[in-house]
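Residue numbers (my numbering): 11 to 78.
Every residue gets a Cβ at the ideal spot worked out from N, C-alpha and C, and that includes glycine.
Report on the following structure.
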């Protein structure tokens with residue numbers, strides 16, 4: 011009888027662990043997706059800044075050349 015109760019207790023603990031592992035996996039996947047999205051947004055922003063800097067330089071170049 012004790013063995014059956016122990017087994018039941020173990021089964022319950024195992025199921026709780028499985029649930030925790032599943033939840034953890036979902037959170038990890040969610041984090042990875044958010045992380046990837048943030049990296050893409052960062053890359054886009056850097057690209058935008060570079061383009062702005064290029065445009066700004068193109069506009070300023072004639073002025074700079076006139077000064078020298």
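Inter-residue Cα distance where the pair is residue i and residue j
i	j	result
residue 18	residue 27	14 Å
residue 75	residue 67	12 Å
residue 14	residue 52	56 Å
residue 77	residue 69	14 Å
residue 32	residue 20	18 Å
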